Amino acid sequence: MAAGDPIGFETRAIHAGQDPDPRTGAVVPAIYATSTYVQDGVGGLREGYEYTRTGNPTRTALQECLAALEEGAAAFAFASGLAAQDTLLRVLCQPGEHVVLPDDAYGGTFRQVSRIHQPWGIEHTVAAVADVDAVRAAMRPGTTVVWVETPTNPLLGIADIASLADVAHAGGALLVVDNTFASPYLQQPIPLGADVVVHSTTKYAGGHSDVVGGAVVVGDSARTAGLADKLAYWQNAVGAVAGPFDAWLVLRGLRTLAVRMERHCDNAERVVDFLGSRPEITRVYYPGLPDHPGHAIASRQMRR
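Given below as structure tokens:
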């Protein structure tokens, strides 16, 4: 089941990467709790598997499902969201190159870039990603990545993905979108022009507060040619992969993502209505409100 198939999101969430077991007929992928695999002779890999850091059937199922949900070409599952973005940034950036970050980026992202990558030689500038001109002004020769979160956490700022993709590409950079807060059910950045999507699958993708994980999803364009192969190499070389049970838990969570996000949105609207009726509350930050500065953009690029 490939990305872009004319089937519904819910069907992809249930079936992408999850064919019934040909031997038993089991409809739920197995947890392949193995480190190594029997080979059919020297170099004779069975279905391409030799060592679970390099590849595991349960992780493969999750990766194929994530790629289908985000309408990407390939996905990679990691041990955490920060492990995912660390690997991605090391693939995309060399010492002396530059990243544009949101001025209200997730704290873990900012800490990683400013305390880990900056001493390694990767420079960064923060900009209000809701302001396309501010992002354009923050770019410079050597900018390789424009990093965007939308909506942001916790103030729910909205960035125009399509416009920022144009700005990033005009400057020779890739647009990376952290889609954790929206999830692929509410927003799919790659069809809007983003090159790469990252997730903390700990949050809505997993959905049950019982797993820590991350993911990178790569788009299919000339700009990202060869990127999936590089990520596969780095993921194996660095080793911060999702374990089989963690991958299985996230895959289980994805099956109910659509219904959970609908209920989250229903509940959020009720909370917003309640807060808006209280005299003690001076302002409510919610993109669904017409007076939110990002309302028009959110209405255009998000399902709800």
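Numbered according to this note's numbering, the sequence shown spans residues 1 to 304.
Glycine is no exception: its CB is placed at the ideal position from the N, C-alpha and C atoms.
Here the structure is a predicted model, which is why all the values come from computation and not from measurement.
Limits of the alpha helix (DSSP H) - the one that residue i falls within
i	result
threonine 201	Element bounds for threonine 201: n/a, residue is neither H nor E.
glycine 276	257–276
proline 57	57–70
proline 184	183–186
alanine 296	295–301
arginine 12	9–15
tyrosine 233	227–238
8 Å contact criterion, which residue i and residue j should meet: CB distance rounded
i	j	result
alanine 13	leucine 257	6 Å
threonine 34	threonine 52	6 Å
arginine 90	alanine 77	Actually they are not in contact, since the Cβ atoms of arginine 90 and alanine 77 sit about 17 Å apart, beyond 8 Å.
valine 218	leucine 227	5 Å
glutamate 50	glutamine 63	Actually they are not in contact, since the Cβ atoms of glutamate 50 and glutamine 63 sit about 17 Å apart, beyond 8 Å.
glycine 243	alanine 84	Not quite, the Cβ-Cβ distance comes to about 14 Å (not below 8 Å), so this is no contact.
valine 271	glycine 288	11 Å between Cβ atoms; not a contact.
leucine 174	arginine 140	The pair is not a contact, with the Cβ atoms about 15 Å apart (cut-off 8 Å).
aspartate 220	glycine 72	7 Å
threonine 180	glycine 81	7 Å
threonine 87	tryptophan 234	5 Å
alanine 105	glutamate 149	6 Å
tryptophan 248	proline 22	Actually they do not touch by this definition, with Cβ atoms about 19 Å apart.
Per-residue burial, residue i [other beta carbons within 10 Å of its own, 16 or more giving buried]
i	result
valine 342	One cannot answer for residue 342 here, as it falls past the ends of the chain, which runs 1 to 304.
glutamate 70	buried
aspartate 178	buried
asparagine 267	exposed
aspartate 195	buried
valine 212	buried
isoleucine 281	exposed
isoleucine 7	exposed
glutamate 47	exposed
threonine 36	exposed
tryptophan 120	exposed
alanine 68	buried
asparagine 236	exposed
phenylalanine 245	exposed
alanine 16	buried
leucine 45	exposed
proline 151	buried
threonine 202	buried
glycine 41	exposed
Residue range of the unbroken beta strand (DSSP E) whose run includes residue i
i	result
phenylalanine 78	74–78
glycine 214	214–218
valine 176	174–178
With three or more beta-carbon pairs closer than 8 Å as the criterion, would you say the segment 135–151 touches the segment 91–102?
yes
Counting only runs that start and end within the segment 78–163, where is the beta strand (DSSP E) found for 3 or more residues in a row?
98–102, 123–127, 143–149
With contact counted as at least three CB pairs below 8 Å, one residue from each stretch, are the segment 258–277 and the segment 118–133 in contact?
no
Would the segment 295–302 count as touching the segment 157–170 if we require 3 or more Cβ pairs under 8 Å?
yes
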